[in-house]
Amino acid sequence: MITITLPDKSKREYADGVNALEVAKDISEGLARNVLAAKVNGEVWDANRPIVQDADVQLLTWKDDEGKAAMWHSSAHLMAEAIELLFPGVKFGIGPNIENGFYYDVDFGEYEVSENELVKIEGKMLELAREKQVFVRKDISKADALKYFTDKGDEYKTELINDLNDGEITLYQSGYFTDLCRGPHIPSTAFIKAIKLTSIAGAYWRGDENRKQLTRIYGITFPKKKELDEYLLMLEEAKKRDHRLLGKELELFTFSRKVGQGLPLWLPKGAELREKLEQFLKKVQKEAGYKPVITPHIGNVDLYKTSGHFQKYGAESFQPIKTPAEGEEFFLKPMNCPHHCEIYNSKPHSYKELPIRYAEFGTVYRYEQSGELHGLTRVRGFTQDDAHIFCTPDQIKDEFKAVIDIIEIIFKALDFNDVMVQISLRDPENKQKYIGSDENWEKAEAAIKEVAEERGLDAKTEYGEAAFYGPKMDFMVKDALGRKWQLGTIQVDYNLPERFDLTYIGSDNEKHRPVMIHRAPFGSLERFVAVLIEHCAGKFPLWLAPEQYILLPISEKYQAYSEKVLNLLNKQNIRGIIDDRSEKTGRKIRDAELKKIPFMLIVGEREELEGSVSVRRHGQGDLGTFSIEDFAVMINEEVDDLTAQDN
RNA sequence: GCCAGCAUAGCUCAGUUGGCCAGAGCAGCUGAUUUGUAAUCAGCCGGUCGGGGGUUCGACUCCCUCUGCUGGCUCCA
3 MITITLPDKS KREYADGVNA LEVAKDISEG LARNVLAAKV NGEVWDANRP
53 IVQDADVQLL TWKDDEGKAA MWHSSAHLMA EAIELLFPGV KFGIGPNIEN
103 GFYYDVDFGE YEVSENELVK IEGKMLELAR EKQVFVRKDI SKADALKYFT
153 DKGDEYKTEL INDLNDGEIT LYQSGYFTDL CRGPHIPSTA FIKAIKLTSI
203 AGAYWRGDEN RKQLTRIYGI TFPKKKELDE YLLMLEEAKK RDHRLLGKEL
253 ELFTFSRKVG QGLPLWLPKG AELREKLEQF LKKVQKEAGY KPVITPHIGN
303 VDLYKTSGHF QKYGAESFQP IKTPAEGEEF FLKPMNCPHH CEIYNSKPHS
353 YKELPIRYAE FGTVYRYEQS GELHGLTRVR GFTQDDAHIF CTPDQIKDEF
403 KAVIDIIEII FKALDFNDVM VQISLRDPEN KQKYIGSDEN WEKAEAAIKE
453 VAEERGLDAK TEYGEAAFYG PKMDFMVKDA LGRKWQLGTI QVDYNLPERF
503 DLTYIGSDNE KHRPVMIHRA PFGSLERFVA VLIEHCAGKF PLWLAPEQYI
553 LLPISEKYQA YSEKVLNLLN KQNIRGIIDD RSEKTGRKIR DAELKKIPFM
603 LIVGEREELE GSVSVRRHGQ GDLGTFSIED FAVMINEEVD DLTAQDN
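In C-alpha cells, the structure reads:
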C-alpha cells in the first residue's frame, strides 16, 4: 500500500501502482471526468501513469495551466496523427504546447499545404478525437527509438534522439501515431471537443535560419465548444482593438511607402496624444531631479567604436552617411547613451554631484529586418523616453527605487493595473562572460532584489538573462484583454563608463568610476502608444484624448455661441473642436461617438440663452445641462485626478 | 532576410471560366435642408486595378520580377 497526499493535506491509502485517475474516481466521478493530468511530487504526470510509492498528488483539470498544457500538447499529437493520415510520408519536427494552444513543425515534402488544408486537418482531428484514443506511454531504449524513427524516415526525430541520453527516452502512442515525447498527456483524445487551427507559417528547424524551413501549423483546442467560441470572440475583440486599425480610423499615425517602411508618420491627433504623454513624463522627471539634454540624430563612427556598438552591430545597421569632402562617417544614432556619456565627460564631476540624471526623448534608428516590422510596435525609427543616471555603486538601490516610482506613476495614470517584473541576473555558472567587478555585480543584484522585495513587486528572477554589461529589471503589463506586453526597463551598465572612461572625484580626492543606469519607463513612445491604444480600445483617458470634447451646434444659428464656448474652454486648456456641418444633431452625435471623443456638447437656443452646454459623455449618454464654468471644472478635476502623482 | 498569403477610389469591399467605357457604400465637393441626443436628400468628383516585364486578338483576371502589407520564423544595443 502507498499513501497519496492531496493538496488539502488529506491522506489516502491505495494499492501500489494506483494512478491519479483512479484517485480522482475515488473522490468523485465528476472530478475523474475532468482530470487531464496530475502533479506527482511536483512533476506533471499522465493521469494514468502508475504511482509506485508514497506521493503528493494534485489533480490537474482545465482550470490549471498545467492541465491546459497537457491538453494542448496532446492536441499537437492529434494534429500530427491527422496530418500523417492525410499526407502520408510527411516528417515531423517538434510539436509543443504554447501559451495559447500548440503548434507542430512539419516537413511536408512534396505536398503543397496552404490555409485551405487547415479545415481538412481540423475535420480529421475531430474525427480521430471522437475515437477516444488513449495516450500510451512507453519507455524505450535509445537504440530502439533510433531504429523506429530511422525506419520511418523521420530524420528530425532521430536528430532529437541523438541529443538525448539512453534511459530517458519515452514514446507516446495514440491511435495510429507514435511520437517521441516526454509527455505528459491527457488520458484520451475524448477531452478534445473543439478545435481551431489558427495559422500556418514557416519556421526554421531548431530556429536556425541556415537549416531547412518547416511548415508550422498553429492551433488551439478546448474541452467545450462554448469555450472555443469565447476564444474566437476574444480574437475578434483583439482584432477590433488592433492599433494599426484604430490608428488609421482615429487618424493618429500613418505610414508611407515613399518615406520608407517602418518609419511612422504621426498625424496631428497622434502627435497631440504623444505630446501629452511626453509632457506628463517630463513633469514627473523634473520633480525627480532629471536634467533634460538634447543630442543630435547622428554620431561619428568613432563614437560607436568607443561604445563598442560599431563592432557588435555596425554591419547590420543602417550604413553610415559620409561628409562629401572629407569622407567622414556618421551613423544614425541607434541609442542615446554614447551621446550622454560624452555630455557627462564634458566636464569633471565631483562625488557631490552624483547621481546625475540626463533625460532625453531621443529618436533613434535601427535597421530591423523587413519581415519583423509591425505597426508601431516594431519600427525602424522610434523615440525612447530615455535617461541615463550616473551614480556610485551604493546609489543604485535608491535610484532603482526612484525609477520604479516613476514607472508606477505612469502605469497608474494609464490604468495598467496588472504589472509583472522580470529581474535578469548573471548566470552564476558562467560569471566570466560579464564585464564589471564581481563585487559591483553582487551589490547591484542584491540591490535590485531588495528593491523588488521592498516594493512587493510581482517579480520573477531569471538567472543568465542579464546583458553582458549589467543586470536589469523589465516591466511587463497585461492589457484589457489579458495580453502581456513588455514596456519599461531599468538596466545597470558597467561597460560604457569603462569604455568612455567616465570618472568622478571621490571624497578621497581620487578618480572613481561611476555606474550608469539606463532607464525608459515607456520604452519607446511608438510601442507604448500602440499598447495604450489596444488597452483602451481607442477610448483614451480624458487627459490624453487628442480632442476632449466636440461642440455640436443644433443649427448654424448657434455657430457663434459655439465659438464662444470653444474660446472660453480653450483658455482653460481644454481641447475641443466644433462640428459645424449642416447635419442633424443625431448624425453629429453618431459621428462623434465613432470618433470616441469623450464629451459632446450640444448647444442650441436654450444653452445660448442661459450660457450653458448640454453634456453627453461618450459611451454613456446624456449627462444633463452644465454651465460652461461647471463643465470646465468637471473636466479639469477629472484630468487632475487621473494624472495625480501621489497615492 | 526566410516561408506562406495578400495588394481594385482617401476608407471598407464587389468584380463570374481572361471579353464592350472597372462597380458599390462611406468619406470629399456642390446644392437643397436649419435640424435637440447614434446615419436628411440630390447631384458631382474620384481608380494607368501596387510598379515593371511577359503570354494572348484581348489581362484587374494567367506567368515572371520588384515594392509594400499580413501571419509566423530568425534577430532586437
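For the first sequence, position 552 (counting from the first letter as 1) is numbered 554 according to our numbering, and the numbering increases by one without interruption. The beta carbon of each residue, even a glycine, is placed where N, CA and C say it ideally should be. Since the structure is predicted, the reported quantities are computational estimates derived from the model, not experimental observations.
- Message: Tell me whether the stretch 177 to 185 and the stretch 205 to 215 touch, counting them as touching only if at least three CB pairs, one residue from each stretch, are closer than 8 Å.
- Response: no
- Message: According to DSSP, simplified to helix, strand and coil, what is Q321?
- Response: For this step, residue 321 is matched to residue 319 along the first sequence. Correct three-state label for Q321: coil.
- Item | K462, DSSP secondary structure in three states | Your numbering for residue 462 matches position 460 in the first sequence. Reduced to three states, the DSSP call for K462 is strand.
- Item | Closest by C-alpha distance to H341, when choosing among H311, P326 and I398 | For the purposes of this step, residue 341 is taken as residue 339 along the first sequence, with counting starting at 1. Minimum Cα distance to H341 is reached at H311.
- Query: Bridge partners of D181, per DSSP?
  - Reply: Counted from its first residue, the first sequence places residue 181 at position 179. Note: D181 sits in a beta bridge opposite Y174.
- Which of the three DSSP states, helix, strand or coil, is assigned to R618? Position 616 of the first sequence, counted from the first residue, corresponds to residue 618. In the structure shown, R618 sits in a strand (DSSP, three-state: E or B).
- Buried versus exposed call for D440 [16 or more other C-beta atoms within 10 Å across all chains shown]: For the purposes of this step, residue 440 is taken as the residue at position 438 of the first sequence. The residue is exposed, with fewer than 16 neighbouring Cβ atoms inside 10 Å.
- Item | Cβ shell of V567 (< 8 Å), same chain only, five flanking positions each side left out | As a position in the first sequence, residue 567 is number 565, starting the count at 1. Cβ within range, chain order: L553, L603, V605, V615 and I630.
- Item | Collapsed DSSP secondary structure at Y315 in the structure displayed | Here residue 315 corresponds to residue number 313 of the first sequence, with the count starting at 1. Helix.
- Message: Rounded to the nearest angstrom, what separates K284 and I358 at their Cα positions?
- Response: Taking the first sequence and counting its residues from 1, one reaches residue 284 at position 282. Taking the first sequence and counting its residues from 1, one reaches residue 358 at position 356. Cα to Cα, K284 sits roughly 16 Å from I358.
- Are the stretch 349 to 366 and the stretch 313 to 329 touching by the rule of at least three beta carbon pairs closer than 8 Å? no
- Query: Where does P90 sit, in a helix, a strand or coil, going by DSSP?
  - Reply: Reading the first sequence from its first residue, position 88 is the one you call residue 90. Correct three-state label for P90: coil.
- Can you tell me whether DSSP reads D642 as helix, strand or coil? Your numbering for residue 642 matches position 640 in the first sequence. D642: helix per DSSP, three-state reduction.
- Item | Counterpart residues of H390 in DSSP-defined beta bridges | Taking the first residue of the first sequence as 1, we reach residue 390 at position 388. Answer is Y360 and H520.
- Is the stretch 183 to 202 in contact with the stretch 229 to 249, if contact means three or more CB pairs nearer than 8 Å? yes
- Item | Short Cβ contact (8 Å threshold) for G466 with F477 | Taking the first sequence and counting its residues from 1, one reaches residue 466 at position 464. Taking the first sequence and counting its residues from 1, one reaches residue 477 at position 475. Cβ distance not < 8 Å, so G466 and F477 don't count as in contact.
- Which residues in the same chain as V295 place their Cβ atom closer than 6 Å to its Cβ, once the five residues preceding and following it in sequence are excluded? What you label residue 295 is simply residue 293 of the first sequence in a count that begins at 1. Cβ within range, chain order: I345, Y360 and E362.
- Message: So if DSSP puts S352 in a beta bridge, which residue, or which two residues, is it bridged to?
- Response: Numbered from its first residue, the first sequence carries residue 352 at position 350. Partner(s): I507.
- Which class does D168 belong to by DSSP, given the choice of helix, strand or coil? Indexing the first sequence from 1 puts residue 168 at position 166. Three-state DSSP puts D168 in coil, outside helix and strand.
- Query: Ends of the alpha helix (DSSP H) at V567?
  - Reply: Counting from one through the first sequence, the residue named residue 567 turns up at place 565. It spans Q561 to K573 - the alpha helix (DSSP H) in which V567 sits, taken as one unbroken run.
- Message: Measuring only the C-alpha atoms, how far is Y16 from M3?
- Response: If you number the first sequence from 1, residue 16 lands on position 14. If you number the first sequence from 1, residue 3 lands on position 1. Rounded to the nearest angstrom, the two C-alpha atoms are 5 Å apart.
- Query: For the ligand NAD, any of its heavy atoms closer than 7 Å to the Cβ of S309?
  - Reply: In terms of ligand content, the structure shown is empty, and the ligand NAD therefore cannot be addressed.
- Message: Can you check which of these residues, G19, S76 and F628, is closest to E610 by C-alpha distance?
- Response: Counted from its first residue, the first sequence places residue 610 at position 608. Of the listed residues, the one whose Cα sits closest to E610 is F628.
- Query: Which one or two residues does DSSP pair with K474 in a beta bridge?
  - Reply: In the first sequence, counting from the first residue as 1, residue 474 sits at position 472. Looking at the DSSP assignment, K474 forms a beta bridge with S426 and Q493.
- What did DSSP end up calling I4 once you bin it into helix, strand or coil? Stepping through the first sequence from its first residue, residue 4 is reached at position 2. Here I4 sits in strand by DSSP.
- Message: Just to confirm the assignment, what range does the alpha helix (DSSP H) spanning Q281 have?
- Response: The sequence position of residue 281 within the first sequence is 279, counting from 1. Where Q281 is concerned, the enclosing alpha helix (DSSP H) stretches over P270 to E289.
- Under 8 Å Cβ to Cβ from N572, same chain only, skipping five residues before and after it: list those, please. Locating residue 572 in the first sequence gives position 570, where the first residue counts as 1. G578, listed in sequence order.
- Message: What does the Cβ neighbour count give for G291, buried or exposed, with the cut at 16 atoms within 10 Å?
- Response: Stepping through the first sequence from its first residue, residue 291 is reached at position 289. Answer is exposed; the Cβ neighbour count stays below 16.
- In or out: D165 buried (at least 16 other Cβ within 10 Å) or exposed? Along the first sequence, one-based indexing puts residue 165 at 163. Per the 10 Å Cβ criterion, exposed.
- Short Cβ contact (8 Å threshold) for E72 with V46: Working through the first sequence from its first residue, we reach residue 72 at position 70. Working through the first sequence from its first residue, we reach residue 46 at position 44. It should be pointed out that residue 72 corresponds to Ala in this sequence rather than to Glu. Taking 8 Å as the Cβ cut-off, A72 and V46 qualify as a contacting pair.
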